[in-house]
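A quick write-up on the structure given underneath.
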Amino acid sequence: MQTILTKSAIEAAEIIKRGGTVAFPTETVYGLGANVFDEKAIAKIFKAKQRPNDNPLIAHVGRLEDINLLVAEITESAKKFIEAFFPAALTVVLPKSARVPLIATANLETIGVRMPKGKLAQEFLRACEMPVVAPSANLSGKPSPTSWQAVFEDLSGRIDCILQGDEMTEIGLESTVVDCTGAFPLVLRSGAITLEQLQTIIPETLLYRLRENEAAKSPGLKHRHYSPHAKVVLVNPTSNIQNLKSSAFIGLELPDEKFDLMKICASVEDYAHSIFDFFRQCDRQGIERIFCETVEETGIGTALMDRLKRAAES
Ligand code: TXA
Ligand code: MG
């Protein structure tokens, strides 16, 4: 299969309408999209990404009113979050409508819904004239793509089209996922919209933690994630870093040691924006060890530390 590269949201949307798969930029990371009501098109996403079929997809809308096509009910908590934040790096989980095929939600009776903020994403989604399901546009297990080149690296020849953004995606980490189906909202995955921000709207909002032997509420969280080939090691500015052969460093403070590849970030936001791209750069250069400086777990730092810890685990 030849993967078409285009900068035209209209051309990309035509491919979705014909049952194809299109990678497109959002303000978080690139998504790999298909028509939410087309089971065959959705099956192509799982195949292209080699995604386990128990991992549900997020549905993206270009207009708020399209949320009604996807869900059986917009709960009170979801209503408040949507009003306060959409369009945003925030996914609300709601009871799904009967129209949405079960392949989209990996057999769950709920569906994650998001309205991205990026200009090109909105133009594309509106041109599709229907909601688009999209996981991150990487091969399963690899870091999420923050540039069209990263999508190309993983999925060229496996998908119909890449809608090319001009720059790297603005935030660089995936959206916050909040389950709005229960008595109080539960954050299943942290992202740029922080727990603190959600709590200013609904103070009862909690961070979900998987207990041992419990079925995962967010199936994606149990899968291997965000990992480069290289071994990821977390360090703080006072750590004594050893074993420097074929190693890289990313963080906020310039370390004393010398590395084969190094990125000093101007802020925690810049660190979050750069991390997945840096992981890919390290893999391209065959780096064996990536030392990542830890950051304080507030604001976007919570989401960044979540991704760093997952990368270090695998
Ligand atoms: O920023 C993002 O969210 C990006 C862009 C493309 O929108 N998408 C993304 O999708 O990161 P993906 O598939 O890589 O991650 C989706 C996460 C998974 O952890 C999945 O388990 C969870 O959202 N999720 C999706 N639907 C769910 C549902 N109905 N209930 C619980 N968790 C759900
Ligand atoms: Mg993903």
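Under my numbering, the first residue of the sequence shown is numbered 3, with each subsequent residue one higher.
Beta carbons are placed, not taken as given, at the ideal position from N, Cα and C, and that holds for glycine.
- DSSP places Lys260 outside both helix and strand once states are collapsed to three, so it counts as coil.
- When DSSP states are grouped into helix, strand and coil, Gly35 belongs to the strand group.
- For Glu155, the shortest separation between its Cβ and any heavy atom of ligand 2 does not lie below 7 Å.
- By DSSP's assignment, Phe26 forms a beta bridge with Gly33.
- The beta carbons of Asp258 and Ile289 sit no closer together than 8 Å.
- Thr296 has no beta-bridge partner at all, per DSSP.
- Asp181 is a Cβ neighbour of Val95, given a cutoff of 8 Å.
- Not a single heavy atom of ligand 2 lies less than 7 Å from the C-beta of Ser316.
- Between Ala194 and Ile173, the gap from beta carbon to beta carbon is short of 8 Å.
- Burial check for Gly120: the Cβ neighbour count within 10 Å reaches 16 or more, so the residue is buried.
- In this chain, the beta strand (DSSP E) harbouring Gly253 covers Ser249 to Gly253.
- A direct Cα-to-Cα measurement between Thr23 and Thr107 gives close to 17 Å.
- In the same chain as Arg160, and ignoring 5 residues on each side of it, the C-beta atoms closer than 6 Å to its own belong to Ala50, in chain order.
- When the Cα atoms are used, Leu208 and Glu85 turn out to be separated by approximately 19 Å.
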